[in-house]
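Asks:
2 protein chains.
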Amino acid sequence: MSHAMTPQLAALVTKHESTLNAALNAIKTRDYWTPYPENPSPRAYGETANADGEAAFKSYLNQSFALEMPGIVGEAGAEVSPYGIDLNVKYPLVDLGQLLPAMQDARKAWRDVGPQGRAAICLEILERINKRSFEIGYAVMHTSGQGFMMAFQAGGPHAQDRGLEAVAYGYTAMMHTPQSAVWTKPQGKHDPLVLNKTFTTVGRGIGLVIGCSTFPTWNTYPGMFADLITGNPVVVKPHPAAILPAAISVKIAQDVLTENGLPAHIVSMVIDEDGSKPATAELATREEIKLIDFTGNTPFGNWLESNCTQAQVYTEKAGVNTIVIDSTDDYKGMLRNLAFTLSLYSGQMCTTPQDIFVSKDGIETDLGHKTFDDVAGDLATAVSKFLSDPERAAMVLGAIQAPVTAERIENSVTLGTVLRESETLVHPHFPNARVRSPLLMSIDADKADTYMQELFGPISFVVKTDSTAHSIALATDAVKQHGAITLGCYTHNEHIQEQVEEAAIDGGVALSSNLTGGVFVNQSAAYSDFHATGCNPAANACLSDLAYVANRFRVVQSRRHA
Amino acid sequence: MSHAMTPQLAALVTKHESTLNAALNAIKTRDYWTPYPENPSPRAYGETANADGEAAFKSYLNQSFALEMPGIVGEAGAEVSPYGIDLNVKYPLVDLGQLLPAMQDARKAWRDVGPQGRAAICLEILERINKRSFEIGYAVMHTSGQGFMMAFQAGGPHAQDRGLEAVAYGYTAMMHTPQSAVWTKPQGKHDPLVLNKTFTTVGRGIGLVIGCSTFPTWNTYPGMFADLITGNPVVVKPHPAAILPAAISVKIAQDVLTENGLPAHIVSMVIDEDGSKPATAELATREEIKLIDFTGNTPFGNWLESNCTQAQVYTEKAGVNTIVIDSTDDYKGMLRNLAFTLSLYSGQMCTTPQDIFVSKDGIETDLGHKTFDDVAGDLATAVSKFLSDPERAAMVLGAIQAPVTAERIENSVTLGTVLRESETLVHPHFPNARVRSPLLMSIDADKADTYMQELFGPISFVVKTDSTAHSIALATDAVKQHGAITLGCYTHNEHIQEQVEEAAIDGGVALSSNLTGGVFVNQSAAYSDFHATGCNPAANACLSDLAYVANRFRVVQSRRHA
Chain A
1 MSHAMTPQLA
11 ALVTKHESTL
21 NAALNAIKTR
31 DYWTPYPENP
41 SPRAYGETAN
51 ADGEAAFKSY
61 LNQSFALEMP
71 GIVGEAGAEV
81 SPYGIDLNVK
91 YPLVDLGQLL
101 PAMQDARKAW
111 RDVGPQGRAA
121 ICLEILERIN
131 KRSFEIGYAV
141 MHTSGQGFMM
151 AFQAGGPHAQ
161 DRGLEAVAYG
171 YTAMMHTPQS
181 AVWTKPQGKH
191 DPLVLNKTFT
201 TVGRGIGLVI
211 GCSTFPTWNT
221 YPGMFADLIT
231 GNPVVVKPHP
241 AAILPAAISV
251 KIAQDVLTEN
261 GLPAHIVSMV
271 IDEDGSKPAT
281 AELATREEIK
291 LIDFTGNTPF
301 GNWLESNCTQ
311 AQVYTEKAGV
321 NTIVIDSTDD
331 YKGMLRNLAF
341 TLSLYSGQMC
351 TTPQDIFVSK
361 DGIETDLGHK
371 TFDDVAGDLA
381 TAVSKFLSDP
391 ERAAMVLGAI
401 QAPVTAERIE
411 NSVTLGTVLR
421 ESETLVHPHF
431 PNARVRSPLL
441 MSIDADKADT
451 YMQELFGPIS
461 FVVKTDSTAH
471 SIALATDAVK
481 QHGAITLGCY
491 THNEHIQEQV
501 EEAAIDGGVA
511 LSSNLTGGVF
521 VNQSAAYSDF
531 HATGCNPAAN
541 ACLSDLAYVA
551 NRFRVVQSRR
561 HA
Chain B
563 MSHAMTPQLA
573 ALVTKHESTL
583 NAALNAIKTR
593 DYWTPYPENP
603 SPRAYGETAN
613 ADGEAAFKSY
623 LNQSFALEMP
633 GIVGEAGAEV
643 SPYGIDLNVK
653 YPLVDLGQLL
663 PAMQDARKAW
673 RDVGPQGRAA
683 ICLEILERIN
693 KRSFEIGYAV
703 MHTSGQGFMM
713 AFQAGGPHAQ
723 DRGLEAVAYG
733 YTAMMHTPQS
743 AVWTKPQGKH
753 DPLVLNKTFT
763 TVGRGIGLVI
773 GCSTFPTWNT
783 YPGMFADLIT
793 GNPVVVKPHP
803 AAILPAAISV
813 KIAQDVLTEN
823 GLPAHIVSMV
833 IDEDGSKPAT
843 AELATREEIK
853 LIDFTGNTPF
863 GNWLESNCTQ
873 AQVYTEKAGV
883 NTIVIDSTDD
893 YKGMLRNLAF
903 TLSLYSGQMC
913 TTPQDIFVSK
923 DGIETDLGHK
933 TFDDVAGDLA
943 TAVSKFLSDP
953 ERAAMVLGAI
963 QAPVTAERIE
973 NSVTLGTVLR
983 ESETLVHPHF
993 PNARVRSPLL
1003 MSIDADKADT
1013 YMQELFGPIS
1023 FVVKTDSTAH
1033 SIALATDAVK
1043 QHGAITLGCY
1053 THNEHIQEQV
1063 EEAAIDGGVA
1073 LSSNLTGGVF
1083 VNQSAAYSDF
1093 HATGCNPAAN
1103 ACLSDLAYVA
1113 NRFRVVQSRR
1123 HA
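Chains as they are written, first to last, in my numbering: chain A, 1 to 562; chain B, 563 to 1124.
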C-alpha cells in the first residue's frame, strides 16, 4: 500500500474484505450472488424496518434536506409523488464556482486513500444504504411511481448490487497493475539493470452522474461508485422529479466520508433552481468535469456525447425493445410471462418490450396452431386477467411517473388496432395516484414509422409480419437503427434460434429466449447480466464491464535504480 | 470456445500458448521479459539474417508493393530516405467505397475466430514480423532516419513487444468475462431459477491506425494489434514519409490471415495520393471507423478528438518533456546519461527532454558544488565528447527525418544563449544523409514562451530557475499546460524527491529519477513501463493498459432456462 492507512480505515478494509472478494468472484463466474437481501422481510432487515423506513421517509416531507457542501447559496425542490402527494422537500442550491474548485482540491485526499481504502469506504456506504432500503424504497416509490415492492427491490438491494458491481469492476481494473515492481534486465556477463518501479492510480477529475426520474438509484449508483472507486470525487445531478432518493444516498456517503476524516463534498449534489433553466448543460461542459454518466432521453444523451469532449461520457438513452414470437412449447407460460413483463411498472422500464413480432401465418404451440389474431387476443386477455386483482394490479403497475406519459397513452390509441385499452385505475391506498394499465395494439409491419419510434410508457404493439424471418429482420432493424437494451424470442426451432442469436450478436443486444417462468426479459441481475451493451444506439456503455471503469483512472509510474 | 476451430487454427493456438501466457504474466508482474531478442546477433536471428534482410529491403526499391485489397484503383508513394536515397516504392491506392464495406463484411469472420484464435493469429503475425526484423529494420532506418541499431531494436523487437503487450491486454480484458455461465438463484422451498448464459465479445467496427514518420512500427503495432485481438478489422494509414515498414507488416498479416482461410483485407492499408490532399481526415470521419489510433502533431490529434465522435479516439501528440536537476551523487554518470539521452536519434523521440531545469544557485554533487554555468557547460561538453567518435555519432544520431526539423534547428539558435552548436555532420556511409548534432542553449526561466513550446528535434534548453522548488513548479506547468510523456529528476534529497514524485502524480507523467547508468529517460520497456499516461495533454491514452483495450469490444449476452 503506497499510502499510510489510519487504523480506522484499516479496520474498514478488514470488515468489508470478504464481501469485496465475493463480488470480485461473482463478476468473473457470473453466477447468482448478492450481499443485499432482496426480500423486504423483518428477518433480513429487522422487525421495525418497514415502519422505521416509512417514518424516516415522512420526516423529510415539508423540510429542508441538509448536505455538506461549500458554496450553498439557497434551496429549491418541487417533487410531487405520482401517488398524489406533494413532497415539498427543499435541497441546497450551490454555486458551482465554489463547489467545483473545492471538489478539485479534494481529489488528492481521495486519491491518497488508495484503492483498498476507497473500496472499503464504498462498501461501507453501500452497507449503510442497504440498511436504509425501506426509507430509500419509500423515497423511490414516491418519486418514480414504482410500486413499493419494486421500489424496495430495484431501488434498494438491486441498485446496491449495481453499485457494488461497479466497485468490483473498478477494483479489478486498478488491481491489474501492481503497486510496485522490480524490473531486472540481464546484461550478459555484466550485472543486470535493476529498477524499482511504483505505479499509482489516479482519477481523471470530477465525475458527474445525471440521474433519471424512473430509476433514481439503480441508474445513479453505477456511475457514482465507478467514479468513487477509481479515485474521482462525484457530483450527482438527480432528475428534478426524483431528488430525494439521491439526496439520502449522497448524505449517507457524506457521513461515511467525514467519519473517515475526508471532505464530505467528495460526494456532492447539484439540483436545478425552481422554474429556471436546468443546470445540467452548464455543469456537464465545465472543464473540471472529466466523467459523465447519463440516463435519459436520446437527444440530450447525444448532445452530451457531442459537446462534452472534455469528458468521457457514458450514456443510456432510449430504444425500441422487441420480442420475436416464432413458436413455443409452453403457450400459457409465454402469455403469463409477457403479461407480467408488459404490466411491471406500467412499461416504464428501459428494458420493457414495445414491439412483439408475430408472423401473419401464426405460430405453432403445445396447444396447437395459433393464428396471429389468437396470439394478439390471448396476450391482451392474459394482461387483463393478470391485472384483474386490484391489489396486485396496483402493486405491479405502480403509478405513471410523468403526466406526459399518461398523455402519450391517450394520444396513442389511434396508432394501431386496439387489442386492449389502457384503463385509468383507482389505487386502493392512494386515491390521487396516476395509475394506468397497458395499452396493447396490433399493427401491420409496413407501419414501421409508427411502431419503431420509442413510445415510452405502457404502450405496445403486436406487429403482423410476413414470416419469422421478417420478424427477425425487423427486430434487427430496431436494434441497429433505434437501439435496444433487450431482445426476446420464443421458438422451439433450433435453426430459428440460431438465426436470432446471430441477429442479436450482429446488432449487439442482450437476448432472452423462451422465458416462460420466473425470469422476465425486462429484468437483469447484477454480477451476471450485462445491462445494455454499448454497441447499439440505446447506450454507449454497459452496466458494468471493464470498459465502464477502465477509462475512469490512469496509472502514473515512477522508476529509479534499485 | 463458442466457435468451431479448424485443426490448423487449434495447432496455432497450441504453438503460441506459452508465449501468450508469459506475456499475460509479464503485464501483471511488470518485470523484464521479452520473446523477441533485441540483439541483432547471428545467434538469435541466423548467420545470414542481416544480409538477407538488407537484400529484402533493397528488393522493394523502385518496385510496386503488392497488397490484397478490394477496390485497388492505382498506386502512389514518394518516400525518400533521410540517408539520401530515393526509395521509389509504389503502393496500392484503394477506393474507400469498396474497401470499407468489404472490411465491414469481414467483421463476422474475424469475430467468429474467437479470442483464442485471434490471439494465436496475432502471435503468429508477430513471430513472422520478428523473423524479418532486419528487413523491417532497414525499412525503418531509411524512412525514419534512425541509426540501424535503433531502427532494428525500436522498429523491430521493441515494437513487436508493444504489439504483443496490446494483444495481452486485449486478451486479459476479454477473458475477464467467461464465455458461458450457469446462473442459479435459490427460491426458498421451490426449485431454484436456473439460466444458461453465453457471452460473446464483439469488435466495435473497423479500426484506423494513423502512423507517424519517426516510429512507423513502434507507434503502429499497439493500435493495430489492440484492434485485431478485440475483433476489429484494421486499416493502417502510414505517414507518407514512412510507408514501407507498415506495408511489410500489413503484408505479413495478410499472409497469415489467408493461410488461415480468412479475408486478407482484415488488415488493410490506405495511403495518400501523390501530391493531393491527405486521405486521413476523410477516412477518419467515415461512419464505419469506430476506433482511431493516432500518433502525430497536436492540432490534428485535437481535431480527431473533437470531430470523430463516431469513433473512440486514442491520441499521442506533442509535449514538452523536462528534467529537474537538484543534486546528484554521480555527477559524471548524470552527464553521460543525459548526453546519450539528448543525442539518441537526434532528439526526435517523443520522450526526449527539451528543458533541463537548474537553479541559479547551482547544484551539490559528489564532485563538490557546481554552478549553473558549470552544469550547463559540462553538459555541452559531455554531448560533444560523446559524439567525438564519428562512427558512434552516426550510429546514435541517425539522420533528421524531415527537412523542416533541420530548418527548425537553424531557426532556433537565437532563442537562447548557445552552449553547444548543432553541427552538420557527414555520415561515414551515406554522404547525402541529413545528419545534425544537438543544439544546446541556456535560457532564463522567465522566457517560458520560448522554451515551453515544443521544438521537435535536437533542440534543448538548460533553464536557469530561482530554486529547485521553482524548477519543480515549471516542470509541473510543462506537464499540465503543454503535456509531457517523460519527466526526469536528479536529487539526493529525499524531501525534494517526494516533492517531485507528488508533482509527477499530480500532473500525470511518468517519472525517472537519478538515471546515471544504462537506462535512459527516453526509453520505455514494454510489459513494464507505461508509455504516456493519458492524463496530460501529450496523450489521451497509454501504451498499453486496460483502458487502451477495454473500449475496443463489447460483450453480447444470451440467456435461456437451463
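C-beta: ideal position from N, C-alpha, C; glycine also.
Taking 9 Å as the cut-off, decide whether the C-beta atoms of residue 654 (chain B) and residue 833 (chain B) are in contact.
Replies: Against a cut-off of 9 Å, the Cβ pair of residue 833 (chain B) and residue 654 (chain B) comes out as a contact.
Asks: If you check the beta carbons only, do residue 236 (chain A) and residue 246 (chain A) fall under 9 Å apart?
Replies: Against a cut-off of 9 Å, the Cβ pair of residue 246 (chain A) and residue 236 (chain A) comes out as a contact.
Asks: For chain B, is any of its Cβ atoms less than 9 Å away from the one on residue 402 (chain A)?
Replies: Judged by the 9 Å Cβ criterion, residue 402 (chain A) is not in contact with chain B.
Asks: Please report the straight-line C-alpha distance between residue 375 (chain A) and residue 538 (chain A), rounded to a whole angstrom.
Replies: Distance between the alpha carbons of residue 375 (chain A) and residue 538 (chain A) is about 28 Å.
Asks: Report yes or no: is there a C-beta of chain B within less than 9 Å of the C-beta of residue 512 (chain A)?
Replies: Yes - at least one Cβ of chain B is within 9 Å of the one on residue 512 (chain A).
Asks: Determine the DSSP secondary structure at residue 653 (chain B), reduced to helix, strand or coil.
Replies: Three-state result, residue 653 (chain B): strand.
Asks: Classify residue 613 (chain B) as buried or exposed, calling it buried when 16 or more other Cβ atoms lie within 10 Å of its own Cβ.
Replies: Label assigned to residue 613 (chain B): exposed.
Asks: Check whether the Cβ of residue 1123 (chain B) lies closer than 9 Å to any Cβ atom in chain A.
Replies: So yes, residue 1123 (chain B) belongs to the interface.
Asks: Quick one: Cα of residue 183 (chain A) to Cα of residue 1012 (chain B), how far?
Replies: Each residue's alpha carbon lies about 37 Å from the other.
Asks: Report the neighbours of residue 357 (chain A) on chain B: residues whose CB is nearer than 8 Å to its CB, in chain order.
Replies: In chain order: nothing, as chain B lies at least about 18 Å away.
Asks: Should residue 281 (chain A) go down as buried or exposed, given a rule of 16 or more other Cβ atoms within 10 Å for buried?
Replies: With fewer than 16 other Cβ atoms within 10 Å, it is exposed.
Asks: With DSSP collapsed to three states, give me the class of residue 546 (chain A).
Replies: DSSP places residue 546 (chain A) in helix when its eight states are reduced to three.
Asks: Would you list the one or two residues that DSSP bridges to residue 1022 (chain B)?
Replies: B:1002, per the DSSP bridge assignment.
Asks: Tell me, please, whether the segment 191-202 of chain A touches the segment 156-164 of chain A by the rule of three or more beta-carbon pairs shorter than 8 Å.
Replies: Too few Cβ pairs lie closer than 8 Å, so no.
Asks: Would you decide whether residue 1015 (chain B) is buried or exposed? Buried here means 16 or more other CB atoms lie within 10 Å of its CB.
Replies: So residue 1015 (chain B) ends up on the exposed side.
Asks: Taking its Cβ as the centre, do 16 or more other Cβ atoms sit within 10 Å of residue 257 (chain A), making it buried, or is it exposed?
Replies: Buried, because 16 or more other Cβ atoms sit within 10 Å of the Cβ of residue 257 (chain A).
Asks: Taking residue 204 (chain A) and residue 1097 (chain B) to be in contact with their CB atoms under 8 Å, please state how far apart those CB atoms are, rounded to whole angstroms.
Replies: Their Cβ separation, rounded to whole angstroms, is 7 Å, which keeps residue 204 (chain A) and residue 1097 (chain B) in contact under 8 Å.
Asks: Tell me the DSSP secondary structure of residue 692 (chain B) in three-state form.
Replies: It is helical.
Asks: Does chain A have any CB closer than 9 Å to the CB of residue 972 (chain B)?
Replies: No, because no Cβ of chain A sits closer than 9 Å to the Cβ of residue 972 (chain B).
Asks: Any residues in the segment 508-534 of chain A with a beta carbon nearer than 8 Å to a beta carbon of chain B? Which ones, in chain order?
Replies: So the list reads 508, 509, 510, 511, 512, 513, 514, 515, 516, 517, 518, 519, 525, 528, 529, 530, 533, 534, given in the order they occur along the chain.
Asks: By Cβ distance, which residues of its chain are closer than 7 Å to residue 185 (chain A), with the 5 residues on each side in sequence left out?
Replies: Excluding positions up to five away in sequence, the list reads 192, 193.
Asks: So, residue 509 (chain B) versus residue 1087 (chain B), is the Cβ gap smaller than 9 Å?
Replies: Residue 509 (chain B) lies beyond the range of chain B shown here (563 to 1124); nothing can be said about it.
Asks: Check for me: the beta strand (DSSP E) holding residue 355 (chain A) runs from which residue to which?
Replies: Looking at the DSSP string, the run of the beta strand (DSSP E) that includes residue 355 (chain A) is 353-359.
Asks: Using a Cβ cut-off of 8 Å, which residues of the segment 729-751 of chain B contact any Cβ in chain A, in chain order?
Replies: Those would be 734, 735, 738, 739, 740, 743, 744, 745, 746, 747, 748, 749, in chain order.
Asks: Short of 6 Å in beta carbon distance, which residues of its chain neighbour residue 563 (chain A), apart from the five on each side in sequence? Order them along the chain.
Replies: Any answer about residue 563 (chain A) is impossible in this case: the structure gives chain A only from 1 up to 562.
Asks: Taking C-beta pairs closer than 7 Å, name the residues in chain A that residue 766 (chain B) reaches, listed in chain order.
Replies: Within chain A, the residues near residue 766 (chain B) are 535.
Asks: Rounded to the nearest angstrom, what separates residue 484 (chain A) and residue 522 (chain A) at their Cα positions?
Replies: Near 11 Å, if we compare the C-alpha coordinates of residue 522 (chain A) and residue 484 (chain A).
Asks: Pick from A:287, A:276, A:153, A:342: whose alpha carbon is nearest that of residue 308 (chain A)?
Replies: With distances taken between Cα atoms, residue 308 (chain A) lies closest to A:287.
Asks: Assuming residue 74 (chain A) is part of the beta strand (DSSP E), what are its boundary residues?
Replies: First-last of the beta strand (DSSP E) with residue 74 (chain A): 72-76.
Asks: If we call anything under 9 Å between Cβ atoms a contact, is residue 357 (chain A) one with residue 320 (chain A)?
Replies: Contact: no.
Asks: Between A:370, A:355, A:233, which has its C-alpha nearest residue 100 (chain A)'s C-alpha?
Replies: Here the closest residue by C-alpha is A:233.
Asks: Taking Cβ to Cβ, would you say residue 563 (chain A) is nearer than 9 Å to residue 122 (chain A)?
Replies: Since the first and last residues shown for chain A are 1 and 562, residue 563 (chain A) lies out of range.
Asks: If you measure between the beta carbons of residue 474 (chain A) and residue 352 (chain A), is that distance less than 9 Å?
Replies: It is not a contact, given that the beta carbons lie outside the stated cut-off.
Asks: Pick helix, strand or coil for residue 712 (chain B), following the three-state DSSP scheme.
Replies: If DSSP states are grouped into helix, strand and coil, residue 712 (chain B) belongs with the helices.
Asks: Hey, residue 825 (chain B) and residue 671 (chain B) are a contact pair by Cβ (cut 8 Å); roughly how many whole angstroms apart?
Replies: Indeed they touch by this definition, with Cβ atoms about 6 Å apart.
Asks: Would you check if the segment 460-478 of chain A and the segment 497-504 of chain A touch, i.e. whether three or more CB-CB distances between them fall below 8 Å?
Replies: Yes: at least three Cβ pairs fall under 8 Å.
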